[in-house]
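Just below is one structure, and these are the notes that go with it.
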Ligand code: NAP
């Protein structure tokens with residue numbers, strides 16, 4: 007297991023792991039958490055980008071390191087958990103942010119019948135989040151304020167998909183929508199499972215954000231910057247003990263499941 011370098015110095019406070027933290031929303035959330043004094047571990051596949059992210063974070067005074075992680079590879083997930091346990095001995099915040107939307111580059115007519123798309127999308131957006139959560143749950147349980155943030159989407163809201171007034175009503179990306187609905191199901195189940203612990207788990211929607219997720223056209227059309235959108239991730243990550251668990255919200259408030 008390699009990290010960006012051997013400097014695992016931490017702030018005195020919490021440690022957060024952000025999957026997909028080397029760009030887009032994940033990196034924006036890392037910057038915000040760093041400003042709150044949280045030590046951030048960036049976990050993604052592209053090590054060069056992760057290295058650049060860590061350099062950027064450290065330049066602005068954050069405690070940060072990077073670890074290579076493919077959430078779709080059980081060995082990689084296990085190695086990441088071992089590394090964090092060895093180097094930091096704790097994890098307080100897990101942000102399940104890694105996500106893909108391959109339907110953005112697939113013709114609309116082909117989407118509902120493309121099983122490969124479903125498998126690929128679910129392996130990252132659902133099974134990846136579940137695997138990483140399972141690997142880090144023992145450490146999160148030991149934290150005084152363990153927080154799991156599942157970065158979901160209003161497009162995973164069944165209520166929203168059925169609402170003709172929704173701006174997303176006409177959007178048909180079934181693998182992505184189903185994967186985020188399933189991730190929301192995981193949030194509810196985990197919150198119940200962890201109800202007798204200090205760990206809180208929530209789903210958040212960042213809005214439509216200027217990132218690489220949906221391709222260049224989506225990035226150009228999206229109304230929200232990654233920095234603004236990351237605020238909801240940080241809100242869920244830093245909830246105090248009176249905060250909700252098993253909820254789904256954006257910056258404006260609760261979202262119907
Ligand atoms: P992005 O810019 O495309 O970033 C995706 C991140 O996920 C990258 O850091 C990527 O890093 C990582 N990733 C992808 N597959 C991975 C894997 N198998 N293992 C580890 N990391 C992986 O997209 P984004 O918009 O920031 O998306 C972040 C999250 O926000 C996603 O879950 C997305 O569904 C959600 N979201 C986004 C929007 C939006 O409008 N952008 C709206 C609602 C929800 P590597 O390629 O280096 O691994």
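Residue numbers (the working numbering): 7 to 263. Glycine is no exception: its CB is placed at the ideal position from the N, C-alpha and C atoms.
Item to complete: In the DSSP assignment, find the beta strand (DSSP E) that holds residue 50 and state where it starts and stops.
Response: To locate residue 50, count along the chain shown from 1; it is residue 44. Run containing residue 50: 45–50, per the beta strand (DSSP E) assignment.
Worksheet item: Out of curiosity, what's the CA-to-CA distance linking residue 83 and residue 74?
Response: Walking along the chain shown from the start, residue 83 turns up at place 77. Walking along the chain shown from the start, residue 74 turns up at place 68. C-alpha separation (whole angstroms): 9 Å.
Worksheet item: Just reading off the beta strand (DSSP E) that residue 156 is part of, what are its end residues?
Response: Sequence index remark: in the chain shown, residue 156 carries index 150 (1-based). Per DSSP, residue 156 belongs to the beta strand (DSSP E) from 153–157.
Worksheet item: Where DSSP assigns a beta bridge to residue 208, which residues make up the other side?
Response: Against the chain shown, residue 208 aligns to sequence position 202. Note: residue 208 sits in a beta bridge opposite 155.
Worksheet item: With distances taken between CB atoms, is the gap from residue 162 to residue 137 smaller than 8 Å?
Response: Taking the chain shown and counting its residues from 1, the one referred to as residue 162 is at position 156. Taking the chain shown and counting its residues from 1, the one referred to as residue 137 is at position 131. Taking 8 Å as the Cβ cut-off, residue 162 and residue 137 do not qualify as a contacting pair.
Worksheet item: Mind checking whether residue 147 and residue 203 have CB atoms under 8 Å apart?
Response: Against the chain shown, residue 147 aligns to sequence position 141. Against the chain shown, residue 203 aligns to sequence position 197. Yes, the pair counts as a contact, with Cβ atoms nearer than the cut-off.
Worksheet entry | Backbone secondary structure at residue 260 - three-state DSSP | Taking the first residue of the chain shown as 1, we reach residue 260 at position 254. Strand, per DSSP.
Worksheet item: Does the beta carbon of residue 106 fall short of 7 Å from some heavy atom of ligand 1?
Response: Here residue 106 corresponds to residue number 100 of the chain shown, with the count starting at 1. Yes, ligand 1 has a heavy atom inside 7 Å of this Cβ.
Worksheet item: Quick one: what's got a C-beta closer than 7 Å to residue 225's C-beta in the same chain, skipping five residues either side?
Response: As a position in the chain shown, residue 225 is number 219, starting the count at 1. 216, 217, 218.
Discussion item. Suppose the cutoff is 6 Å on Cβ atoms and the five residues either side in sequence are ignored; what does the same chain contact list for residue 209 look like?
Written reply: Position 203 of the chain shown, counting from 1, holds the residue named residue 209. Excluding residues within five positions, the ones whose Cβ falls inside 6 Å are 156, 158, 190, 193, 254.
Worksheet item: Would DSSP call residue 178 helix, strand or coil?
Response: Translated into the one-based positions of the chain shown, residue 178 becomes position 172. If DSSP states are grouped into helix, strand and coil, residue 178 belongs with coil.
Practice prompt. Would you kindly work out how many angstroms separate the C-alpha atoms of residue 246 and residue 101, rounded to a whole number?
Written response: Working through the chain shown from its first residue, we reach residue 246 at position 240. Working through the chain shown from its first residue, we reach residue 101 at position 95. When only Cα atoms are considered, residue 246 and residue 101 end up about 16 Å apart.
Worksheet item: DSSP three-state call for residue 106: helix, strand or coil?
Response: Along the chain shown, one-based indexing puts residue 106 at 100. Coil at residue 106, not helix or strand.
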